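If you're matching positions, the sequence shown starts at 79 in our numbering and goes up one per residue.
Worksheet: the structure to be examined is printed underneath.
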Amino acid sequence: MTLSLVAIYSHGDLCLSHNDAIRWATKRSLGIALAVTERQETVHELKASADLDRFVTSLSVSYNTSEGRYFVQGSADDFVYFPGASGSITEKVVQLQANLQFTGHYGSAIETWIRLEIEHFALDPVPRPWQVPVPTPVNGPTVYGGFYVEQQLLRGAPKFYNMRDQIVADYHVDISAANLSVAIQAALQETSMAYWRLVHATHLEQIAHKKVEDAFLDLKATQEEVASGWATPLDLYQAEIALVESQLVESEVHASTRDASDALAVCLDLPLSINIVPDTIMNTDELIRQLSELIVEPTDIQRSPHIFAARREEDLALHELRVARHQGLPSVTIGYGATKYRYWYEDTKSSPVFPGGVFHFAMLNVQVPLGHRTILGQVDAARAGLAARQADVEATYIEIYSQYTALIRRAEETLATLNLHERQVALAEECVSATRDSIASGRATLIELFEAKQSLFQVQEELATTQLEGYVTLAELRFVRGHEY
Numbered sequence: 079m080t081l082s083l084v085a086i087y088s089h090g091d092l093c094l095s096h097n098d099a100i101r102w103a104t105k106r107s108l109g110i111a112l113a114v115t116e117r118q119e120t121v122h123e124l125k126a127s128a129d130l131d132r133f134v135t136s137l138s139v140s141y142n143t144s145e146g147r148y149f150v151q152g153s154a155d156d157f158v159y160f161p162g163a164s165g166s167i168t169e170k171v172v173q174l175q176a177n178l179q180f181t182g183h184y185g186s187a188i189e190t191w192i193r194l195e196i197e198h199f200a201l202d203p204v205p206r207p208w209q210v211p212v213p214t215p216v217n218g219p220t221v222y223g224g225f226y227v228e229q230q231l232l233r234g235a236p237k238f239y240n241m242r243d244q245i246v247a248d249y250h251v252d253i254s255a256a257n258l259s260v261a262i263q264a265a266l267q268e269t270s271m272a273y274w275r276l277v278h279a280t281h282l283e284q285i286a287h288k289k290v291e292d293a294f295l296d297l298k299a300t301q302e303e304v305a306s307g308w309a310t311p312l313d314l315y316q317a318e319i320a321l322v323e324s325q326l327v328e329s330e331v332h333a334s335t336r337d338a339s340d341a342l343a344v345c346l347d348l349p350l351s352i353n354i355v356p357d358t359i360m361n362t363d364e365l366i367r368q369l370s371e372l373i374v375e376p377t378d379i380q381r382s383p384h385i386f387a388a389r390r391e392e393d394l395a396l397h398e399l400r401v402a403r404h405q406g407l408p409s410v411t412i413g414y415g416a417t418k419y420r421y422w423y424e425d426t427k428s429s430p431v432f433p434g435g436v437f438h439f440a441m442l443n444v445q446v447p448l449g450h451r452t453i454l455g456q457v458d459a460a461r462a463g464l465a466a467r468q469a470d471v472e473a474t475y476i477e478i479y480s481q482y483t484a485l486i487r488r489a490e491e492t493l494a495t496l497n498l499h500e501r502q503v504a505l506a507e508e509c510v511s512a513t514r515d516s517i518a519s520g521r522a523t524l525i526e527l528f529e530a531k532q533s534l535f536q537v538q539e540e541l542a543t544t545q546l547e548g549y550v551t552l553a554e555l556r557f558v559r560g561h562e563y
């Protein structure tokens, strides 16, 4: 397909069928490209965010320093810390801690840590009289390590809060998909309608050109009859006027064809310098068959992307109502943890030793929301939002169904009109043929033949216009029902 288009470009014309134009529009339509970009950005943002269905891992590193003063009360190893108080011993502590935490989807959490403390004790050079002498200063690190496990038993409202991010993410994905579907259907509908308008304009141009040819032949025949005495100069004057009028009509129709070609080029994102020539003709029998199939096909308005988007809005509002209703429920969380430590100690009488120990701790956390009126207000607001979204769904369905029923009525009228115009064209052709036979036998004049041809051209134009209305109705029906082109 690409090679043939490039070859046609070199000659300045582009010959396209309806199916080729549709395939070309799906690749070059600006509206589709923007919708695809928006959907890709939405998907990338969701992938970059935390996945709530899996464990989320977080690592944090902290560094702290502290300094304090102590005084001795009781024995030499019993130190009590008072902020800002002057004492005989100064302690400086440097802490370096690393935390690794895993958070689950249903309120579970596991946290491990390791902490390194470096402590430095210094004696006051001038001890107070009431202070008891202390041992040799202790300098060295202390290492802590531990873990903590937490599980939420009664989730209540937090369950829906945890699920909300995923539901909102799914909502944005579905909305972007619906927008992409709308953009594709709109681009294909616009391209299809532009293509058939070009076919219609090309057909009218062919009729106008045939009208000019017949007017020129009528003028020559009238000139011969005037020369032989069978026609008057008035007949010749009318034939000349008819030729000029047909040439003017042909010029106007040619301009309309060029405008239709430019409109289709815009839909296909092609340069306006290219002249698009359709290789498809408007076939009345095929049009009647396609319209009849859509009319008798069972109605499936739910496939419309507009209704799908409205229902996703309703689903999100329903979840917000559930969140508001469950805000008054309590949440219960239990936890267990342990910490093991070991420090470095040295005095003047022994070698370095490394005493330590283990701390165990448990946690029970019960959260009961307060503010009953506030919760009721949020529930009322969420209920009103859900009612509004449900009304939007119903209004969207009614609007789409109204469009569909109106298009069905228009399609039925088009089918009836097509049959009438087909009969009119056949009768007009018979009238032209009979008038020619009458001229040969001397029972009719050239003026009568000219009038018969004008009637034929008029009903042919009316048939072409009705065919265009049928193809436009066909494209709109497919768009409303969400059909592929």
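Every residue, glycine too, gets a C-beta built ideally from N, C-alpha and C.
As the structure is a computational prediction, the values presented were derived from the model and not from experiment.
Of the candidates 382, 531 and 509, the residue whose Cα lies closest to the Cα of residue 476 is 382.
One alpha carbon belongs to residue 326, the other to residue 485, and they sit about 36 Å apart. Using a C-beta cut-off of 8 Å, the stretch 522 to 534 makes contact with the stretch 304 to 323, since at least three inter-stretch Cβ pairs fall below that distance. For the set 303, 248 and 279, the Cα lying nearest the Cα of residue 121 is the one of 248. Under the DSSP assignment, residue 91 falls in the beta strand (DSSP E) whose first and last residues are 91 to 94. Considering only 296, 338 and 454, the residue with the shortest C-alpha distance to residue 275 is 338. In the same chain as residue 139, and ignoring 5 residues on each side of it, the C-beta atoms closer than 6 Å to its own belong to 176, in chain order.
Between residue 254 and residue 117, the gap from beta carbon to beta carbon is short of 8 Å.
282 is the residue among 413, 258, 523 and 282 whose C-alpha sits nearest the C-alpha of residue 534. Of the candidates 456, 178 and 542, the residue whose Cα lies closest to the Cα of residue 403 is 456. It is roughly 15 Å from the alpha-carbon of residue 340 to the alpha-carbon of residue 330. Per DSSP, the unbroken beta strand (DSSP E) holding residue 355 starts and ends at 353 to 356. With contact defined as three or more Cβ pairs closer than 8 Å, the stretch 515 to 523 and the stretch 390 to 402 are not in contact. Contact annotation: residue 354 and residue 110 have beta-carbon atoms that are not nearer than 8 Å. Under the three-pair Cβ rule at 8 Å, the stretch 361 to 376 does not count as touching the stretch 283 to 303.
Just so you know, the alpha carbons of residue 465 and residue 385 end up roughly 16 Å apart.
For residue 502, the CB contacts under 7 Å within the same chain, skipping 5 residues up- and downstream, are 537 in chain order. Residue environment for residue 408: exposed (fewer than 16 other C-beta atoms within 10 angstroms of its C-beta). In this model, residue 437 and residue 418 are separated by some 6 Å (Cα to Cα). In the same chain as residue 95, and ignoring 5 residues on each side of it, the C-beta atoms closer than 6 Å to its own belong to 357 and 358, in chain order. As computed with DSSP, residue 139 is found in a beta bridge with 176.
Rounded to whole angstroms, the Cβ separation of residue 481 and residue 374 is 19 Å, and the two are not in contact under 8 Å. In this structure residue 324 touches residue 293 by the C-beta definition: roughly 4 Å separates them, less than 8 Å. In this structure, 250 is the residue among 250, 106 and 105 with its C-alpha nearest to the C-alpha of residue 119. In terms of Cβ geometry, residue 369 and residue 548 form a close pair [threshold 8 Å].
In the three-state scheme derived from DSSP, where H, G and I count as helix and E and B as strand, residue 409 is classed as strand.
Excluding its 5 nearest sequence neighbours in each direction, residue 289 has C-beta neighbours in its own chain below 6 Å: 324 and 535, listed in chain order.
Apart from the 5 residues on each side of it in sequence, residue 524 sits with its Cβ closer than 8 Å to the Cβ of 296, 299, 300, 303, 309, 313, 317 and 517 in its chain, given in chain order. DSSP, reduced to helix, strand and coil, places residue 227 within a strand of the structure shown. With respect to the 8 Å criterion, residue 542 and residue 278 are classified as neighbours on the basis of their beta carbons. Taken through DSSP and simplified to helix, strand or coil, residue 441 comes out as strand. C-alpha of residue 273 to C-alpha of residue 99: approximately 8 Å in a straight line. In the three-state reduction of the DSSP assignment, residue 309 falls in the coil class, being assigned neither a helical nor a strand state. DSSP places residue 523 outside both helix and strand once states are collapsed to three, so it counts as coil. Taking 4 residues as the shortest admissible run, the stretch 310 to 375 contains the following complete alpha helix (DSSP H) segments, listed from N- to C-terminal end: 311 to 345 and 362 to 374. Per DSSP, residue 385 is one residue of the alpha helix (DSSP H) stretching across 383 to 403.
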